[in-house]
Amino acid sequence: MRLENLLNQIFGDELDRALAAPSNIVEFPLAQELASYHEEVVIKSETLDFSPEAFDLHDPVLETDLTRFTPSIIGNDDFDGSHLQLVIDAQQGQLVELREQVKQRDFLIRCHTVDLAAKDDQLKYMPELLDKALQMATVDAANQILTTDLTVEKMVNEELNQELNAAKAELASLNNHLLVKFGRIIGLISQ
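Okay, so the sequence shown: first residue is 171 according to the numbering used here, each after it adds one.
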């Protein structure tokens with residue numbers, strides 16, 4: 171856009187003049203116009219002298235229908251060729267720039283299409299993923315409950331082991347007591 175504005179500043183006046191200037195398109199006159207041109211031509215007696223000094227460049231005798239409406243191959247044309255070349259070069263530059271912009275936008279469209287397809291695939295699997303996430307949360311909660319229960323059972327088991335060890339120690343101390351030994355000997359207490 172900046173390049174376009176800069177080119178308009180540089181070549182804007184020339185473009186306006188080129189558009190206002192006559193083009194190089196040959197326009198053929200109507201039959202009435204041709205008749206009016208033929209009526210204006212008056213052949214003088216000195217026209218039979220073909221020496222270059224005898225004729226002016228704009229003398230109507232030198233004009234024919236072909237030379238009147240087509241530019242001369244030898245002479246200058248009505249338009250400035252360098253100006254038209256500048257206009258063509260500017261337009262070709264703009265065309266190249268626009269083609270690059272189209273390529274960039276086409277690349278972006280392709281990238282966005284690929285991203286959109288990937289996101290569409292992700293959305294297709296979202297319900298299944300959410301279901302699995304809920305199942306995982308349920309399993310994780312059950313696992314935490316079981317871990318807590320196992321910890322409590324370990325603590326209870328440890329306390330019971332301590333009580334059992336204390337009871338064994340007490341039983342061992344009772345077995346070592348003198349009265350228990352005497353009762354065994356008599357047969358009152360069994361081992």
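Beta carbons: idealized from backbone N, C-alpha and C, even for Gly.
Distance between residue j and residue i (C-alpha atoms, nearest Å)
| i | j | result |
| --- | --- | --- |
| residue 319 | residue 280 | 56 Å |
| residue 178 | residue 278 | 29 Å |
| residue 346 | residue 353 | 12 Å |
| residue 285 | residue 315 | 42 Å |
| residue 349 | residue 312 | 55 Å |
| residue 321 | residue 330 | 14 Å |
| residue 264 | residue 275 | 16 Å |
| residue 341 | residue 324 | 25 Å |
| residue 304 | residue 338 | 50 Å |
| residue 294 | residue 262 | 47 Å |
| residue 282 | residue 290 | 12 Å |
| residue 356 | residue 317 | 53 Å |
| residue 287 | residue 309 | 33 Å |
| residue 252 | residue 273 | 31 Å |
| residue 302 | residue 328 | 38 Å |
| residue 298 | residue 271 | 41 Å |
Whole-Å CB distance - residue i paired with residue j, under 8 Å assumed
| i | j | result |
| --- | --- | --- |
| residue 256 | residue 181 | 6 Å |
| residue 267 | residue 173 | 6 Å |
Cutoff 6 Å; reference residue i; Cβ partners in own chain excluding five residues on either side
| i | result |
| --- | --- |
| residue 334 | none |
| residue 292 | none |
Cβ neighbours of residue i in the same chain (closer than 7 Å, five flanking residues each side left out)
| i | result |
| --- | --- |
| residue 260 | 177 and 181 |
| residue 326 | none |
| residue 208 | At residue 208, the pLDDT of 48 sits below 50, so the modelled position is not reliable and the matter cannot be decided from this model. |
Exercise for review: Can you check the stretch 276-318 for any alpha helix (DSSP H) of at least 4 residues that lies completely inside it and give the ranges in chain order?
Suggested key: none
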